[in-house]
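Numbering (our numbering), first residue to last: 171 to 422.
Step one of this worksheet: look at the structure below.
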């Protein structure tokens, strides 16, 4: 059944949805990226023309290879550097993520973009567009092979953060540079999961809550490291709360 929502659920009962980006939005993002790809390829082609005097056939072959490398390499480079976004995706506020809610892996980025060659057949994303229209999660063939989806970066609903964190002291705020690095490294799914765990803690059974916060704290500590003095006496739940505070309220 088709749905425009990606449901992510943890074993402890925390679940939330992310809005999936449809074919039109994804096509517009690709059109923006295509302008950049054309500009880069055109510049390189002009350089290659200098060799046409020596071997015109070499230049023709080199230009074809150059366009292929730029088309694939552009997306791999930007999705790696911008955590699942190209310039076009950033403008349209969408992002590539793992379909199961895990952090996007480099291998997934490579696979989905290598298969872009098939999605582009026979011309201008015909196969990819048709696949996207028929897929329940708006996935093109590259997404299906890499187990990825494209979502909107803006969450559908965020709880009242001022009420959620009112009156609580956050020792991690004394390390603003680490907090800024955290916001760059953490995936949207991980950030959203931590937020849901904090905002819905009262719905969880005590044992499940302790285990959930333990796992979340462990995952978050693997992303970034704060000084020991900032973590002294801090429980897993407090740590997750403070991390969420830093992510969603970067400035007070």
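For each residue, glycine too, the CB sits at the ideal point set by N, CA and C.
In this text the structure is predicted, and so the values were computed from the model without any measurement.
Backbone secondary structure at residue 268 - three-state DSSP: Under the three-state reduction of DSSP output, residue 268 falls in the strand class.
Stretch-stretch touch, CB-based, cutoff 8 Å, three pairs: the region 189-202 with the region 228-236: Contact check between the region 189-202 and the region 228-236: fewer than three CB pairs, one atom from each, fall below 8 Å, which does not count as touching.
Uninterrupted alpha helix (DSSP H) stretches inside the region 303-390 (no shorter than 4 residues): Whole alpha helix (DSSP H) segments, 4+ residues: 311-316, 331-334, 346-355 and 358-369.
Buried/exposed call for residue 259, threshold 16 Cβ in 10 Å: Looking at its Cβ environment, which holds 16 or more other Cβ atoms inside 10 Å, residue 259 is buried.
Residues bridged to residue 175 (per DSSP): Note: residue 175 is bridge-paired with 189 in the DSSP secondary-structure output.
C-beta contact flag for residue 364 and residue 417 at 9 Å: Against a cut-off of 9 Å, the Cβ pair of residue 417 and residue 364 comes out as a contact.
Residue 301 versus residue 262: straight-line alpha-carbon distance, rounded: One C-alpha to the other measures close to 21 Å.
N- and C-terminal bounds of the alpha helix (DSSP H) containing residue 235: 226-251 is the extent of the alpha helix (DSSP H) around residue 235.
Assigned exposure category for residue 402 - 16 Cβ within 10 Å defines buried: Residue 402 is exposed by the Cβ-count criterion.
Neighbour-count burial assignment, residue 248, 16 or more Cβ in a 10 Å radius: Under this definition residue 248 is a buried residue.
Beta-carbon spacing of residue 383, residue 414 below 9 Å: Taking 9 Å as the Cβ cut-off, residue 383 and residue 414 do not qualify as a contacting pair.
Residue interval of the alpha helix (DSSP H) (run including residue 276): Counting along the chain, residue 276 sits inside the alpha helix (DSSP H) bounded by residues 276-284.
Cβ-Cβ distance between residue 178 and residue 359 below 9 Å: A distance below 9 Å separates the beta carbons of residue 178 and residue 359.
Alpha-carbon to alpha-carbon, residue 311 and residue 285: Residue 285 and residue 311: Cα-Cα distance of roughly 7 Å.
Nonlocal neighbours in the same chain, by C-beta distance under 6 Å from residue 357, ignoring five residues either side: If we look at residue 357 and ignore the five residues flanking it on each side, its Cβ neighbours are 273.
Proximity to residue 400 [Cα-Cα], best of 346, 341 and 303: It is 341.
Selection from 232, 266, 225 and 398 that minimises the alpha carbon distance to residue 212: Taking only the C-alpha atoms, the option nearest residue 212 is 232.
Neighbourhood of residue 393 by C-beta, 6 Å cutoff - its chain only, sequence neighbours within 5 removed: Correct list, in chain order: 355 and 356.
Chain-order list of residues whose beta-carbon lies under 7 Å from that of residue 380 (same chain, five-residue window excluded): The answer is none, since no qualifying residue turns up.
Pair within 9 Å by beta-carbon distance, residue 350 and residue 307: The answer is no: Cβ separation not under 9 Å.
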